[in-house]
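Its first residue numbered 64, the sequence shown is counted upward by one per residue in our numbering.
For reference, the structure is listed below as structure tokens.
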Amino acid sequence: QKTEALNKALKRENDLKIALADLQSLLSELEGRSEGQTANVESLTATLKTKEEIITVLHQRLSLGGSSQADHTQDHVIGSDMERCPPELPQRERTLIGGDSRQEALPSLVALQQEHDALNKALRAEQQLYSSLVRTVKEQDSAQRLHALQLELTAVQLLRQQLEDSIKTNEELRDDLEREMQKAKLREGMDLIDPKELESVRHQLEDAQRWNASL
Numbered sequence: 064q065k066t067e068a069l070n071k072a073l074k075r076e077n078d079l080k081i082a083l084a085d086l087q088s089l090l091s092e093l094e095g096r097s098e099g100q101t102a103n104v105e106s107l108t109a110t111l112k113t114k115e116e117i118i119t120v121l122h123q124r125l126s127l128g129g130s131s132q133a134d135h136t137q138d139h140v141i142g143s144d145m146e147r148c149p150p151e152l153p154q155r156e157r158t159l160i161g162g163d164s165r166q167e168a169l170p171s172l173v174a175l176q177q178e179h180d181a182l183n184k185a186l187r188a189e190q191q192l193y194s195s196l197v198r199t200v201k202e203q204d205s206a207q208r209l210h211a212l213q214l215e216l217t218a219v220q221l222l223r224q225q226l227e228d229s230i231k232t233n234e235e236l237r238d239d240l241e242r243e244m245q246k247a248k249l250r251e252g253m254d255l256i257d258p259k260e261l262e263s264v265r266h267q268l269e270d271a272q273r274w275n276a277s278l
């Protein structure tokens with residue numbers, strides 16, 4: 064029975080190690096995806112900010128009057144915004160800001176507003192996915208499952224060690240009794256053995272054999 068229990072303990076230990084490895088791999092994958100989502104959110108946020116700045120400039124252009132003073136103010140606003148545009152800004156956006164007329168600005172503004180809305184929607188989707196990933200990674204249930212598996216693995220490893228020690232001790236006892244029986248038979252053949260002592264050794268061996276049979 065103890066040998067069977069040891070085999071079961073070894074199998075359970077192996078199953079637990081596999082389950083632990085799978086769970087830890089899943090958590091690592093989720094953490095990696097979470098980091099990727101963080102980068103996506105930051106990139107979309109920066110792009111949205113740039114689009115908003117362009118839309119602001121175009122709104123200012125459309126709101127300016129036709130006077131020379133207004134034209135001067137318009138040129139000043141556009142020029143300053145062009146200077147603030149990041150160098151990596153696509154040429155199309157830089158051209159939109161630097162356009163020459165309100166006729167150019169209006170369709171550009173509509174297109175940019177549509178892009179802005181689409182980006183904003185994408186950003187919200189990314190943020191929701193990011194929040195979901197963070198909750199999954201930090202979910203208490205996942206942490207509890209991992210902790211429970213680790214505790215069970217430790218308990219099974221301890222049980223396995225106890226069973227192995229018990230079987231080893233029993234085998235050593237059986238070997239000792241068999242040696243005593245051999246000695247007793249030799250002494251019996253030489254008529255030097257006490258019958259009571261021989262009977263006692265036999266009883267010990269029988270007890271050991273019954274113990275082994277119960278394992």
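Using N, Cα and C, we set each Cβ at its ideal position, and we do this for glycine too.
Given the structure is predicted, the values throughout are model-derived calculations rather than measurements.
Beta-carbon proximity list for residue i, same chain, < 7 Å, skipping 5 on both sides
i, result
"R208", "L86"
"V140", "Because the pLDDT at V140 is just 44, under 50, the model does not fix this residue reliably, and the value given afterwards should be weighed accordingly. Result list for V140: V120, Q123, in chain order."
"R75", "V219"
"L222", "A72"
"R265", "none"
"L226", "K65, A68, L69, A72"
Closest residue to residue i among the options (Cα-Cα distance)
i, options, result
"L214", "T66, L73, L79", "L79"
"L194", "D238, L93, L249, N183", "Reading off the sequence, residue 194 comes out as Ser, not Leu. It is L93."
"D270", "N233, L249, A247, K248", "N233"
"L107", "L226, K248, K184, A84", "K184"
"K217", "I230, S97, E98, N77", "Sequence inspection shows Thr at residue 217; the Lys mentioned does not correspond to that position. Cα-wise, what sits closest to T217 is N77."
"A68", "D228, L90, S97", "D228"
"D180", "R242, T110, R265", "T110"
Spatial neighbours of residue i in its chain, beta-carbon cut-off 6 Å, leaving aside the 5 residues before and after
i, result
"L268", "L240, M244"
"K71", "none"
"D163", "Any reading at D163 must be qualified, since the residue scores a pLDDT of 46, below 50, and its modelled position is unreliable; no value is offered."
"K231", "none"
Contacts around residue i, its chain only, beta-carbon distance under 8 Å, and the 5 residues preceding and following it disregarded
i, result
"S281", "As shown, the chain starts at 64 and ends at 278. That puts residue 281 outside it, with no answer to give."
"L212", "L79, A82, L83, L86"
"V104", "L186, E189, Q190, Y193"
"E115", "H179"
Notebook entry, point to check: In chain order, which continuous runs of the beta strand (DSSP E) of length 3 or greater are located wholly inside the stretch 69–117?
Noted result: none
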